[in-house]
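In our numbering, the protein residues as written are 37 to 453.
Structure first, then comments.
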Amino acid sequence: MIQKIKGTFDIMPEEIPTWRFIEETARTVATRYGFDEIRTPTFEATELFRRGVGDTTDVVQKEMYTFLDRGNEGRSITLRPEGTASIARAIIEHGRCSDAMPLKLFYIISCFRCEAPQAGRSREFYQFGTELYGTETPAADATSIAVADALLRELGLPNIKLHINSIGCPECRPNYRAALVEYFSAHEAELCPTCQARLKTNPLRILDCKSPICHKIAEGAPRTLDHLCPACADHHKGLTEALDALGITYEVDTAIVRGLDYYTRTVFEFIAEGIGAQSTVCGGGRYDGLTEQIGGPRLPGIGFAMGITRLIMAMEAAGITVPGKQPPKLYIASLGAAASMKALQLAEALRNDGLYVECDLVGRSLKAQMKYANKIGADYTLILGDNEIETGRAMLRSMKDSAQEEIALEELAEKLK
Ligand code: ATP
Ligand code: MG
C-alpha cells in the first residue's frame with residue numbers, strides 16, 4: 037500500500053466542517069477590516085525566499101523543499117515555506133506599491149517546511165495570514181494585531197495570550213546585536229551547537245532557542261527594549277498605547293524575536309496554553325525592509341500568519357466543536373425500475389430547487405433503502421412505486437415523529453423548503 041508522505045496529512049470529510057468554519061470566519065473577519073484575499077503560486081524562485089526570508093534563518097538553511105525546475109533546467113525552485121515573501125513579490129510585480137495606501141491583503145495557503153513532524157508541526161501545513169503595507173504607524177501594527185485577536189475571539193478562543201516585543205531597526209539593531217554577542221560569547225561553550233553557530237550569523241535567534249540550557253542562558257541576556265533608538269522606542273510605545281485603547285491585553289516579552297530575517301520593530305506571537313510544545317498559534321511582525329530586500333521600492337509592512345492546525349488543537353483543548361454535515365432533507369425510496377428512474381428525476385428537480393435530497397444509487401431493496409435513510413438521518417422519506425407514478429401523489433413521512441401526509445409530487449419542493 038502506498039502511504040502518504042511523512043509529515044503530511046489528509047483532511048477527512050468529517051474534519052472539513054472545522055476547517056471551513058475557521059477559513060470562513062477568517063475571511064469574514066479580514067473583510068471587516070478591509071483586507072482583500074490574494075493567491076500566489078505554490079512554488080517560487082528559490083532566490084525569493086533566500087533574500088526575502090533570509091539566508092541565515094532555519095527556514096532557508098534547513099527547512100525548504102528545493103529542487104531543479106524540470107520546465108527550465110538549471111533554475112532552482114522552492115515550495116513556499118511561508119506567504120509573506122511571495123506576496124511582497126506579487127505586489128511589486130503588479131506595480132501595486134504605488135497604489136493608494138494602505139494595501140491590505142490576506143491569504144489562506146498551504147506551506148511546506150521539512151521539519152521533524154510532531155503534534156502541531158507538519159511538513160505541509162496551512163496558514164491564514166494578513167499583510168498591511170504602506171504605513172509605519174503604530175495604528176497599523178495595532179490593526180494587524182486586532183484582526184488576529186478578533187479572529188481568535190470569534191473562533192471561541194479568547195484566552196490565547198498576546199506577547200509583543202520590538203527588535204528595533206537597522207539603526208539600533210547593530211548595537212543590540214553587539215551587546216548580545218558580548219553576553220553570549222561569555223557562555224559560548226554551554227550553548228547548543230546550533231546557537232554556537234548563531235552567535236556568528238544571527239545571535240538574536242539564540243533568544244528563542246528551544247534547548248533548555250540556551251533558554252536558561254538567554255534569560256540573563258540584554259533586552260531588546262533597552263537598546264532601541266528613540267524612533268523605535270516611540271513606535272513601540274505608540275503600539276502599546278493603541279493596544280490599550282483597543283482593550284487588547286498583551287504582555288511585553290523580550291524573548292520574542294521571531295525566526296525570519298525580515299522583521300523590524302514590532303514582533304508578536306499569540307500563545308495558547310494546553311496544546312503542548314507547539315503552542316504559538318500566530319506569529320507576526322513588521323517588515324519595513326522586505327520589499328527593498330527583494331528588489332522593489334521601499335514599502336513598510338506588518339503582518340501575521342496563523343497555523344490552522346494549531347488553531348484546531350486550541351479549539352479541541354477548549355472543547356469547541358463545529359456542527360457537522362447537515363442531513364438530507366429527503367430520501368426518495370423506490371420500488372421497481374420505473375420508480376427508480378422517477379426517483380432519480382425527482383431528486384434532480386428538488387436539488388435544482390436548492391434542497392439536499394438522496395435517492396437509491398445502489399439497487400437496495402425497499403427495506404434496505406428505508407434502513408439507509410434512517411442511518412443517514414434524512415428529515416423525510418417518500419416511497420415511489422408504480423401507483424405513485426400514476427397518481428402523481430405519494431406519502432411523505434417525517435422521520436422525526438413518523439407523521440405521514442399525502443402530497444402531490446409537484447408540491448414537494450414547496451413543502452420541504
Ligand atoms: P515555530 O517556532 O513553531 O517553528 P515559526 O516561527 O517557524 O514557528 P512562522 O514562520 O512564524 O512560524 O509561522 C507562523 C505560524 O505558522 C506559526 O505560529 C505556527 O502556528 C504555524 N507553523 C509554522 N510552522 C509550522 C509547521 N511546520 N506545522 C504546522 N504549523 C506551523
Ligand atoms: Mg519553525
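Glycine included, C-beta positions come from ideal geometry on N, C-alpha and C.
Find out if the Cβ-Cβ distance for the pair residue i, residue j is shorter than 9 Å.
{"i": "H223", "j": "E305", "result": "no"}
{"i": "L84", "j": "S122", "result": "yes"}
{"i": "L35", "j": "L380", "result": "The question about residue 35 has no answer here: the residues shown for the chain are numbered 37 through 453."}
{"i": "I356", "j": "L193", "result": "yes"}
{"i": "L216", "j": "A257", "result": "yes"}
{"i": "D396", "j": "Q405", "result": "yes"}
{"i": "D177", "j": "A278", "result": "yes"}
{"i": "C245", "j": "T260", "result": "no"}
{"i": "P101", "j": "R149", "result": "The sequence as given places Tyr at residue 101; Pro does not occur at that position. Yes, they are a contact pair."}
{"i": "K197", "j": "E309", "result": "yes"}
{"i": "A383", "j": "V393", "result": "yes"}
{"i": "A126", "j": "G88", "result": "no"}
{"i": "N195", "j": "A354", "result": "yes"}
{"i": "R111", "j": "A81", "result": "yes"}
{"i": "E172", "j": "R159", "result": "no"}
{"i": "A369", "j": "L420", "result": "yes"}
{"i": "L326", "j": "T166", "result": "no"}
{"i": "E60", "j": "G360", "result": "no"}
{"i": "T93", "j": "N238", "result": "yes"}
{"i": "N211", "j": "H263", "result": "yes"}
{"i": "V288", "j": "L243", "result": "no"}
{"i": "V358", "j": "P53", "result": "yes"}
Mapping DSSP to helix, strand and coil, what is residue i?
{"i": "S158", "result": "coil"}
{"i": "E384", "result": "helix"}
{"i": "M342", "result": "strand"}
{"i": "M431", "result": "strand"}
{"i": "V293", "result": "coil"}
{"i": "Y298", "result": "coil"}
{"i": "L275", "result": "helix"}
{"i": "E394", "result": "strand"}
{"i": "A353", "result": "helix"}
{"i": "C147", "result": "strand"}
{"i": "N410", "result": "helix"}
{"i": "Q314", "result": "coil"}
{"i": "N201", "result": "strand"}
{"i": "F220", "result": "helix"}
{"i": "T417", "result": "strand"}
{"i": "I443", "result": "strand"}
{"i": "G110", "result": "coil"}
{"i": "Y212", "result": "helix"}
{"i": "Q163", "result": "strand"}
{"i": "R189", "result": "helix"}
{"i": "E118", "result": "coil"}
Return yes when at least one heavy atom of ligand 2 lies under 8 Å from the C-beta of residue i, else no.
{"i": "D94", "result": "yes"}
{"i": "R189", "result": "no"}
{"i": "E394", "result": "no"}
{"i": "E151", "result": "yes"}
{"i": "E83", "result": "no"}
{"i": "E99", "result": "yes"}
Counting contacts by CB-CB distance shorter than 9 Å, is residue i in contact with chain B?
{"i": "G204", "result": "Note that chain B does not occur in the displayed structure, where there is just one protein chain."}
Would you say the beta carbon of residue i is closer than 8 Å to some non-hydrogen atom of ligand 1?
{"i": "R294", "result": "yes"}
{"i": "E59", "result": "no"}
{"i": "E167", "result": "no"}
{"i": "C147", "result": "yes"}
{"i": "Q39", "result": "no"}
{"i": "M48", "result": "no"}
{"i": "A409", "result": "no"}
{"i": "S180", "result": "no"}
{"i": "C250", "result": "no"}
{"i": "R157", "result": "yes"}
{"i": "V317", "result": "yes"}
{"i": "T345", "result": "yes"}
{"i": "M342", "result": "yes"}
{"i": "F161", "result": "yes"}
{"i": "D244", "result": "yes"}
{"i": "E305", "result": "yes"}
Under 8 Å by Cβ, that's how I've got residue i and residue j pegged, so tell me the actual separation to the nearest angstrom.
{"i": "R429", "j": "E441", "result": "That belief does not hold up - the Cβ atoms of R429 and E441 are roughly 10 Å apart, past 8 Å."}
{"i": "T300", "j": "L275", "result": "Rounded, the Cβ-Cβ distance is 13 Å, inconsistent with contact."}
{"i": "R56", "j": "Y143", "result": "Not quite, the Cβ-Cβ distance comes to about 16 Å (not below 8 Å), so this is no contact."}
{"i": "M431", "j": "N410", "result": "No, M431 and N410 are not in contact; Cβ-Cβ is about 16 Å, not under 8 Å."}
{"i": "G43", "j": "P153", "result": "4 Å"}
{"i": "Q163", "j": "I41", "result": "At roughly 19 Å, the Cβ-Cβ gap does not stay under 8 Å, so Q163 and I41 are not in contact."}
{"i": "R213", "j": "L240", "result": "7 Å"}
Any 3 or more C-beta pairs closer than 8 Å across the segment 319-326 and the segment 347-365 | no
Pair every Cβ in the segment 202-209 with every Cβ in the segment 259-275, then say whether three or more of these pairs are closer than 8 Å.
-> yes
Taking three-plus beta-carbon pairs below 8 Å as touching, is the segment 52-72 in contact with the segment 109-117?
-> no
Validate contact between the segment 326-342 and the segment 369-380 using beta carbons, cut 8 Å, 3 pairs | no
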